[in-house]
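Worksheet: the structure to be examined is printed underneath.
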Amino acid sequence: MRLEYFQMVDKVLALDLEARTLRTANTVPDKSPIFEGHFPGHPLLPGVLLFEIMAQSCGMLLLRLHNYDRMAFLASVDKGKLRTFVVPGQVIEVFAEMVHDGSGYARLKAEGRVEGKLVCNAEVTLKTMPFPAPELRGYLLETAERIGMPMDAPAELGSAAPASAGNLTHV
Amino acid sequence: MSSTFETVANIIAETCDIPRENITPESHAIDDLGIDSLDFLDIAFAIDKAFGIKLPLESWTQEVNEGKATTEQYFVLKNLCARIDELIAAKSA
Chain A
1 MRLEYFQMVD
11 KVLALDLEAR
21 TLRTANTVPD
31 KSPIFEGHFP
41 GHPLLPGVLL
51 FEIMAQSCGM
61 LLLRLHNYDR
71 MAFLASVDKG
81 KLRTFVVPGQ
91 VIEVFAEMVH
101 DGSGYARLKA
111 EGRVEGKLVC
121 NAEVTLKTMP
131 FPAPELRGYL
141 LETAERIGMP
151 MDAPAELGSA
161 APASAGNLTH
171 V
Chain B
1001 MSSTFETVAN
1011 IIAETCDIPR
1021 ENITPESHAI
1031 DDLGIDSLDF
1041 LDIAFAIDKA
1051 FGIKLPLESW
1061 TQEVNEGKAT
1071 TEQYFVLKNL
1081 CARIDELIAA
1091 KSA
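Chains as they are written, first to last, in our numbering: chain A, 1 to 171; chain B, 1001 to 1093.
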């Protein structure tokens, strides 16, 4: 992870396009300015960043399912639970699962584990829309390569939303 | 439409904590019931699941944003239910 750049996902462990699931591995860095304040003498990964790790893993899954033709933005986090402390050096494995891919939004479930122990879980809603900037799509394709996202088989788009889109924030 | 409306009204009541008696076929989801776009995502999710359809929220929103349709066409509940019935019929056709 590069916390200061919000690069939370390190590596794809498994992608199942049929089951619409993704498993990622994410190592909390040993050092970061964040730990100087959170907290002195007792460094902890902030809980909001655990939600971010889950949201980004969900986003990576959604982007892959849409073959990177749409961007995903976090819309809501429901039933979020932070179950134990996560400290520098630990590896968080996140399992993300698509629950429903709607028109312009998607609902997913995610959970994070450290050495098999559940540390966080939530239901994540992502809003999807065409990429607002071409360089953003390029950045995410570079990210896909960096984290080892399998890109060989295209996802079936039958249940995915169409590429043309509006903007739900303007409803 | 009546059973569709009952299902939709119950979903809205549960999702948004709105008294069921305040929800009528003439209610406008946004203007009368005060449902915002984020809450409407929850409603759309529940409607999709309940009826086995996918509300085309994106295209509706695009039409409204571009002035090609009014919010009343999609968000007055009797009209919303009519759209849902059309989607159900299209699915089983």
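For every residue, glycine included, the Cβ atom is placed at its ideal position computed from N, Cα and C. Here the structure is a predicted model, which is why all the values come from computation and not from measurement.
Of 1046(B), 1005(B), 1022(B), the smallest CA-CA separation from residue 1015(B) is found for 1046(B). It is roughly 40 angstroms from the alpha-carbon of residue 116(A) to the alpha-carbon of residue 1008(B).
Here the alpha carbon of residue 23(A) sits roughly 40 angstroms from the alpha carbon of residue 1077(B). Counting only residues of its own chain and dropping the five nearest sequence neighbours on each side, residue 150(A) has a CB closer than 6 angstroms to the CB of 15.
Look at residue 83(A): its C-beta is not under 9 angstroms from any C-beta on chain B.
Remark: C-beta atoms of residue 93(A) and residue 25(A) approach each other more closely than 9 angstroms. At a C-beta separation below 8 angstroms, residue 1070(B) has no neighbours in chain A, since its nearest C-beta there lies roughly 12 angstroms away. Contact of residue 1091(B) with chain A by beta-carbon distance below 9 angstroms is absent, the smallest such distance being about 13 angstroms. Contact residues of the segment 68 to 82 of chain A toward chain B are 75, 76 (C-beta to C-beta distance below 7 angstroms). Take residue 82(A), set aside five residues on each side of it, and the residues of its chain with a beta-carbon closer than 7 angstroms to its own are 47, 50, 120, in chain order.
For the segment 100 to 134 of chain A, residues whose beta-carbon sits nearer than 7 angstroms to a beta-carbon of chain B comprise 100, 102, 103, 104, 105, 107, 125. At the C-beta level, residue 1012(B) and residue 1030(B) stay beyond 9 angstroms of one another.
Of all residues in the segment 1072 to 1090 of chain B, none has a C-beta nearer than 7 angstroms to a C-beta of chain A.
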